[in-house]
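Below is one structure, written out as structure tokens; comments come after it.
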Amino acid sequence: MSPLLHHALVGFIVLNVVIGMVTYVTLLERKFAARMQSRIGPYYVGPHGLLQPIADALKLMMKEDVVPAAADRWVYNLAPLAFLVPCVLIFATIPFAPGLGVADLNIGVLGPLAFVAFLVATLAAENRVPFDILEAESELVAGFRVEYSGMKFALIQLAEYAHMIATSFLGALLFLGGWLGPGPAALGPVWFLLKAM
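Count the sequence shown with this note's numbering and you get residues 9 to 205, in order.
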């Protein structure tokens, strides 16, 4: 198999796995938040609500695309893609197992200081407490995302959760040994995913 075809195939597989993971990370987050609030959470679509992310994706794809009158149309339409593409490109640098990466980078061990810096930077990059200044005290529904609807809102959500998953993958790769674990090498991707969780 040619290297170009190999990279294209691995990239396609990784992209689909990321989209699948994003959908179920959102479901887990909603279930966890519901449990903390003594609610059931998504439950009716599929067994125990497992098909809720698919229903949400279909709903968002069918919604009307509303562009505010005062918005710069070109920038407004390009922003969700400009937000998503770098998040997806991060996955090109992550080897999930030997030979299962799009790019091959030489990365050395960065040490404990790098780990602490990585944790702080990850919290800041994810706009989670205590770094969620974009949503701030006004406690809007979703901060700046409230301006978007339909598919553009879905792309922004996809980018946000893809970024969250990518940073957990980078943390597992840089600080937890990546795919290395006991057992046969074929279990490498399984170990990698377990460490990323």
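For every residue, glycine included, the Cβ atom is placed at its ideal position computed from N, Cα and C.
Classification of residue i by the beta-carbon crowding that lies within 10 angstroms, buried from 16 upward
| i | result |
| --- | --- |
| Gly-196 | buried |
| Gly-186 | buried |
| His-171 | buried |
| Phe-294 | What is shown of the chain runs 9 to 205, which leaves residue 294 out entirely. |
| Val-30 | buried |
| Lys-160 | buried |
| Pro-120 | exposed |
| Pro-11 | exposed |
| Pro-50 | buried |
Proximity to residue i [Cα-Cα], best of the options
| i | options | result |
| --- | --- | --- |
| Ile-100 | Gly-19, Val-25 and Gly-191 | A small fix is needed here, since residue 100 is Ala in this sequence, not Ile. Ranking Gly-19, Val-25 and Gly-191 by Cα distance to Ala-100 puts Gly-19 first. |
| Ala-167 | Leu-97, Ala-122 and Phe-183 | Leu-97 |
| Glu-37 | Val-53, Gly-54, Pro-61 and Val-25 | Pro-61 |
| Leu-68 | Pro-76, Pro-50, Gly-158 and Val-75 | Gly-158 |
| Ala-63 | Pro-120, Ala-180, Tyr-32 and Trp-82 | Tyr-32 |
| Tyr-169 | Val-128, Val-93 and Leu-202 | Val-93 |
| Ala-65 | Ala-125, Thr-34, Val-128 and Pro-11 | Thr-34 |
Cβ-Cβ distance between residue i and residue j below 8 Å
| i | j | result |
| --- | --- | --- |
| Ala-42 | Pro-106 | no |
| Thr-175 | Ala-133 | yes |
| Arg-81 | Val-74 | no |
Close Cβ partners of residue i (< 7 Å) along its chain, the five nearest in sequence each way excluded
| i | result |
| --- | --- |
| Ile-164 | Pro-88, Phe-91, Arg-153 and Tyr-156 |
Sequence-distant residues of the same chain with beta carbon closer than 6 Å to residue i, five excluded per side
| i | result |
| --- | --- |
| Phe-177 | Ile-102 and Ala-204 |
| Leu-118 | Residue confidence for Leu-118 is low, a pLDDT of 49 falling below 50, so the modelled location carries little weight and cannot support an answer. |
| Gly-189 | Trp-199 |
| Phe-104 | Pro-197 and Phe-200 |
| Phe-183 | Phe-123 |
| Gly-191 | none |
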